[in-house]
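If you're matching them up, the sequences are chains P and L in order.
When the letters of the first sequence are read in order and numbered with this note's numbering, they come out as residues 4 to 585.
When the letters of the second sequence are read in order and numbered with this note's numbering, they come out as residues -10 to 103.
Ideal Cβ positions, reconstructed from N, Cα and C, are used throughout, including at glycine.
Beneath this line is the structure, given in structure tokens, with notes to follow.
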Amino acid sequence: MVLALAALWFAGLAARLCDLQVREHDHYVERARNQQRTELVLTPPRGTIYDASGRELAMSIEAASAYAVPREIADPAGAAARIAAAVGADRAVLASRLGRGDRGFVWVARQLEPAAAERLRALELPGVKFTTESKRSYPLGALAAPVLGFVGVDPTGLAGIEAAYDETIAGREVRRPVLRDARRGSILYDDLAQPEAPPGADLFLTIDSSIQHVAERELAAAVARHGARGGSVVMLDPGTGAVLAMASSPSFDPNAYGQAPPADRVNIPVQHVYEPGSTFKLVTAAAALETGAVDPLDRFDCGRGGIVFRGKLIRDHKSFDDLSFSEIIAFSSNVGAIRLGARVGEQRLYETIRAFGFGSKTGIDLAGESAGRVWPVEEWHARDVAYLSFGQGISVTPLQLANAFAAIANGGTLYQPYVVSAVSRDGVVEAPADRPRALGRPISAQTAQTLERMLEMVVEAEGGTGRKAAIPGYRVAGKTGTAEKPENGIYVAGKYVASFVGFAPARAPAVVCLVIIDEPAGSRFHGGDIAAGVFAEIVRHALLRLGVPRDEPPAGAGEKPLVAALGGARPTPPAPGRVATR
Amino acid sequence: MKSAYSIHRPVANVYLVRDRDRRLRRELLSVLAVALPLSVAVLAYVWVSSQVWDKGYEVLRLERTLERSLERERVLRVEAARLSRYDRVARRGHDELGLRPLALDQVVFAGELE
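See the structure below:
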């Protein structure tokens, strides 16, 4: 009897073992695997953005974020008051969130500053916990903010370089299999041969933060001094199309981009369009020279301040009798420009405008570029050729205009502007293959040289409109612009865009710079009065920074140098190849 | 208390010798031959497993230390960059050291010396 019972018991045990080990084998293996193994999501930090000399402009750091489990909080209102005082959050919003007892998770405050996180931790509130998130930090504050753009909480690039190069600098998220121990908290890698999460690539910009700082400082000062609505600055290297500085006013702090109105976050040189006014006369002049419609020695009757063109009187800003080609540019005569445009003709003027890149995006590596507006020649009205000759009836971006002047400065080649000079991934630096990239050749070297001489007269000739752009020791070439602003199809009295665009040194240009002051208040609104001086100050600093020798060194140069010579100090991106990057 | 084992008796046959039980020895060796490799294998498995876990924890600890160090370095770089902001340096240079912006005529470029 006992033997039979024992046999039965063993038989049952064996049957159960067979059931567990054979029939349900896969099920229990799966359960064990689920208990012991999990996946760890590794999110690498975004790459760092450096300026041309290696200064950090944008970096990712870890920041503490606080969340709460509402059902663990006994007094939501009291907790909300204490949290609000610690981190500066809205008390009512917090109380509403913490009061939702049905929720197991609510955010309290994300990406806190270290001091605020410490204050919140010190409260030791039950139900309030912490985690870490990657936070984008812009250590130089508002410097080049519209160019850099900003990153959302996700973190995804939402504007500027952060958006344009999002895939490059974001890195790739990696899921690694890991083992969990009995405490379910500690983990170790299941397979050490798994690849690490590749960090985002670092970017090296062409922008020099020192020049950028001066451009922003001088622009902000000019906007404040003249009570203007805003302004912008673009500086390019005419030999390559590299952007050395790009400033907008108003601007914003990307560390707190949510507090800035959307209008302040616009990268004006790339995204805004405006009527260029007299600065556009150079395109008319280029068309006149390039097509052979006008000889540089020709003189023109400037009608004593007005011209009747196809039945309509168009006035000049000043009365001129008889002007040479160069004087039309130097004194910025509208009537003279109309005479030039009329000789060129609609079709050839349109072709030259398009050849300089107006009406098309330049293709700069920034998000949200505008193409401007150039009407097809078939849709031009009878007097459009006259208006276009002195820069009205066309919309361009500041970048397009600066780039067109860069083509004049470098002898006739139109380059594609760019802001990223090199990409560094895992210590290997690569320069984008197509830079510098020539887009075309709108004018010949001969035409470019003739235009350069004319532009020098604007700054140097007695009565030239751009004399305030002069920089001691350097030859400067440039053009002033004072354009009326159109609103709802008509030009508004008292609203102007003052500008100056030029390059220096004139005979061997190192920089091209455009300064725009939007809607200056008061009686001084001409580009030569308020933009040329800003140009001189910014370009003076840039030439100093880049170590560009003067055309006319001061007497006794080298006898008592007060500062070490800066020749060759031009910031350059790291050379392609393997280098140690931080 | 006396027992059969505690009684001292003289050995009658001086030629009597202890004879080894060869069968028992063979059986013992057989058991050892089976059990010892098994035990070694089990011990080796346990040792290797514990080493894997220990090294796993060690790797994890080192990785976390590395991450903390790199993060600390990043924070310090951000702070260094923040402290070297142009407006801050210019303000302190002006207010505390009395420095003024460099004028062009205070500089001689290398190309101008020739």
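The beta carbon of tyrosine 4 of chain L does not come within 8 Å of any beta carbon belonging to chain P, so the residue lies off that interface.
Using beta-carbon distances, methionine 238 of chain P does not count as an interface residue toward chain L, since no partner is under 8 Å.
Under DSSP, the beta-bridge partners assigned to threonine 135 of chain P are P:Ala67. For the stretch 465 to 489 of chain P, the set of residues with a beta-carbon nearer than 9 Å to any beta-carbon of chain L comprises Ile474, Pro475, Gly476, Tyr477, in chain order. Judged by DSSP in its simplified three-state form, lysine 364 of chain P adopts coil rather than helix or strand. A distance of 8 Å or more separates the beta carbons of valine 426 of chain P and isoleucine 164 of chain P. Sixteen is the threshold: when 16 or more other Cβ atoms of the shown chains lie within 10 Å of the Cβ of aspartate 54 of chain P, as they do, the residue is buried.
Among the bridge pairs identified by DSSP, valine 109 of chain P is matched with P:Ala71. By the beta-carbon neighbour count (other beta carbons within 10 angstroms, threshold 16), proline 180 of chain P is exposed. For a cut-off of 8 Å, the C-beta gap from serine 251 of chain P to valine 226 of chain P is around 10 Å, too long to register as a contact. In this model, threonine 134 of chain P and leucine 32 of chain L are separated by some 41 Å (Cα to Cα).
Closest option to leucine 517 of chain P, judged by alpha-carbon separation, among P:Leu404, P:Glu540, P:Lys498: P:Leu404. Here the alpha carbon of serine 329 of chain P sits roughly 35 Å from the alpha carbon of arginine 438 of chain P. Per the coordinates, the alpha-carbon of aspartate 29 of chain P lies some 24 Å from the alpha-carbon of tyrosine 34 of chain L. Along the stretch 73 to 100 of chain L, going in chain order, the ones with a CB nearer than 7 Å to a CB of chain P are Arg74, Tyr75, Leu91, Leu93, Asp94, Gln95, Val96, Val97, Phe98, Ala99, Gly100. About 12 Å separates the beta carbon of isoleucine 86 of chain P from that of proline 129 of chain P, a gap too long to meet the 8 Å contact definition. Put simply, of P:Tyr277, P:Ile474, P:Arg527 the residue whose alpha carbon is nearest the alpha carbon of arginine 543 of chain P is P:Ile474. At a beta-carbon threshold of 7 Å, the residues of chain L lying near glutamate 65 of chain P are Glu60, ordered along the chain. Those residues of the stretch 130 to 149 of chain P placed with their C-beta closer than 7 Å to a C-beta in chain L are Ser140, Pro142, Leu143, Gly144, ordered along the chain. By the neighbour-count criterion, in which 16 or more other beta carbons inside 10 Å mark a residue as buried, serine 212 of chain P falls on the buried side. Cα atoms of alanine 204 of chain P and tryptophan 378 of chain P: separation of roughly 41 Å, rounded to the nearest angstrom. Positions of the beta strand (DSSP E) runs, each at least 3 residues long and wholly inside the stretch 233 to 317 of chain P, are given as 233 to 239, 246 to 252, 302 to 304, 309 to 312 in order along the chain.
Under the 8 Å criterion on CB atoms, glutamate 59 of chain P is classed as interfacial with respect to chain L. The DSSP-derived three-state label of glutamine 114 of chain P is strand.
Against chain L, a Cβ distance below 9 Å from glycine 505 of chain P picks out nothing, because the smallest value is about 17 Å. No Cβ of chain L is located within less than 8 Å of the beta carbon of methionine 249 of chain P. In terms of Cβ geometry, aspartate 256 of chain P and alanine 407 of chain P do not form a close pair [threshold 8 Å]. For alanine 496 of chain P, the enclosing beta strand (DSSP E) covers residues 493 to 507. Methionine 460 of chain P carries a helical assignment under DSSP once its states are collapsed to helix, strand and coil. For alanine 70 of chain L, the C-beta contacts it makes with chain P under 7 Å involve Arg58, Glu59, Pro142, Leu143, in order along the chain.
Counting the other Cβ atoms within 10 Å of the Cβ of alanine 120 of chain P gives 16 or more, which makes it buried.
Contact holds between the stretch 139 to 146 of chain P and the stretch 57 to 66 of chain P, because three or more Cβ pairs, one in each stretch, are under 8 Å apart. Residue pairing from DSSP places phenylalanine 207 of chain P in a beta bridge opposite P:Tyr53, P:Ala425.
According to the DSSP secondary-structure assignment, leucine 517 of chain P is paired through a beta bridge with P:Val237, P:Val504.
For the pair histidine 275 of chain P and tyrosine 75 of chain L, the Cα-to-Cα distance works out to about 28 Å.
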